[in-house]
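Engineer: In my numbering, the protein residues as written are 1387 to 1602.
Could you have a look at this structure, given as structure tokens, before my questions?
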């Protein structure tokens, strides 16, 4: 976990570009979503993987001293994606998008025991930075944490009401809210503040072959 002299960086890549990073994130997903949260998800060789971990998926991974502590998966919505294929019933008020400029964000999470208290906000900052680099107009996401998003000043739109989608390993209800985060609807000053959270982070984006180094 992060310490005083820890080095934190972000890596963005597809599996064919940095398979070791994507594999480490899959292991993190199993540790977090299955072992810690109790979600009933398929696992392979101590990794959480599903049918949407395809060559089209991109991964944003936060690494601290070579250990994964957070990240998310991003899939363009003109490809098959998790919400559209698995939870069609959640879009009861508005259809799911199928557009090149709209991306789904899934498997978004940070390790809860980290001492880096702003890690969740940093992950959201990286999410908006990802959207900016891909010229995304909208992000599709689970809005179950709408209240926290509002505290961050992030504006959202629901595709339908919250619904139970299953139970965890201890029999507790799992609730999901399908919706979107429209980039153009965000308050410019708040968006700038969120982006600033990751401005000094080293970000290695293998997909666009760019590294944002920490300013001197």
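Where is the CB? At the ideal position from N, CA and C, for every residue including glycine.
Owing to the predicted nature of the structure, the values given are computational and were not obtained by experimental measurement.
1. So, at 7 Å on beta carbons, what are the nonlocal neighbours of residue 1546 in its own chain, with the 5 sequence-adjacent residues on each side left out?
2. Once DSSP output is grouped into helix, strand and coil, what is the label at residue 1591?
3. For residue 1451, I'd like the list of residues in its chain whose CB is within less than 7 Å of its CB, leaving aside the five on either flank, ordered along the chain.
4. Can you list, in chain order, the residues of its chain with a C-beta nearer than 6 Å to that of residue 1408? Leave out the 5 residues immediately preceding and following it.
5. Hey, how far is the Cα of residue 1494 from the Cα of residue 1550?
6. Indicate the three-state DSSP secondary structure (helix, strand or coil) for residue 1586 in the structure shown.
7. Once you ignore the five residues that flank residue 1553 on each side, which residues in its own chain have a CB closer than 7 Å to its CB?
8. Inspect the beta-carbon positions of residue 1436 and residue 1428 and report whether they are closer than 9 Å.
9. Cβ of residue 1580 within 9 Å of Cβ of residue 1538?
10. Within 10 angstroms of the Cβ of residue 1524, are there 16 or more other Cβ atoms? Answer buried if so, exposed if not.
11. Enumerate, from N- to C-terminal direction, the unbroken beta strand (DSSP E) stretches of 3 or more residues contained entirely within the region 1488 to 1522.
Structural biologist: According to the data block:
1. 1476, 1477, 1478, 1479 and 1564
2. strand
3. 1392 and 1393
4. 1401 and 1445
5. 19 Å
6. coil
7. 1559 and 1560
8. yes
9. yes
10. buried
11. 1488 to 1496
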